[in-house]
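Residue numbers (this note's numbering): 911 to 1149.
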């Protein structure tokens, strides 16, 4: 304030589902010791005329009444695609909500720091992604070898498993292309399998569980490649 700088508006995380965007929003609030309010963008819409805009205003008013606060807008792209009705009317509603959001983001006076997350950029208006809307836009990609090793250690440790008992190099190699949430699910599923077999969790059980999973990097390869292409040179890579 002493330098006449405007308060930060917020940031956006875009990237592959299950790679830590939501976790980042929670970490920011925890690091700043601020409350976190989650706004589910997809639930703003209502079939009755005027109710969607009212829902948006109520959400913003609540955030402002709790300031200083971190407002996490989860899957913001869902607010740009209304569904369940007339296509032209839906598009008009989305434009109105988008316009209201941009106006508020640009002119807000309360200490509400926005953290928006997005999995799909195709439905986001280009104006939202231009420089200056958010203080920064970050791209979150699939984890590399070192990051997957850390993720395995974390999730094994959370389930009281000593990661040094496992062949992590082998597991990391087998999980190439897996997201963090897919790795977590593999650990959980393998532990249930081990309990059913009345046996300890092993490297082989973990790898077997991976073979039963088709990761998003396979099922949505084209979408992920398009996302990377859009992000390159435009967004900050968190890696």
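Cβ atoms here follow ideal geometry from the backbone N, Cα and C, with glycine treated the same way.
#### Entry: Sufficient close CB pairs (3 or more, under 8 Å) joining the region 1015-1025 to the region 971-991
yes
### Query
Can you round the beta-carbon distance between residue 1111 and residue 1101 to whole angstroms, since I take them to be within the 8 Å contact cut?
6 Å
### Task
Rounded to whole angstroms, what's the CA-CA distance from residue 1060 to residue 1076? Just pull it up for me.
13 Å
### Query
When the distance is taken between beta carbons, is residue 922 closer than 9 Å to residue 889?
Here the chain comprises residues numbered 911 to 1149, so residue 889 is not present and cannot be evaluated.
### Span of the beta strand (DSSP E) around residue 1096
That residue, residue 1096, is in no beta strand (DSSP E); its alpha helix (DSSP H) goes 1090-1107.
### Message
On the criterion of 16 or more Cβ atoms from any shown chain inside 10 Å, does residue 997 qualify as buried, or is it exposed?
### Response
Below a pLDDT of 50, predicted positions are generally treated as unreliable, and residue 997, at 47, falls in that range; the measurement from the model is reported next regardless. Residue 997 should be labelled exposed.
### Message
Please report the straight-line C-alpha distance between residue 1007 and residue 1062, rounded to a whole angstrom.
### Response
40 Å
### Query
Do the region 912-919 and the region 941-954 make contact, defined as three or more Cβ pairs closer than 8 Å?
By the Cβ criterion, the region 912-919 is not in contact with the region 941-954, since fewer than three pairs of Cβ atoms, one from each stretch, lie closer than 8 Å.
### Query
Straight-line CA distance for residue 1054 to residue 979?
33 Å
### Task
Out of 1094, 1087, 1096, point me to the one whose CA is closest to residue 1131's CA.
1087
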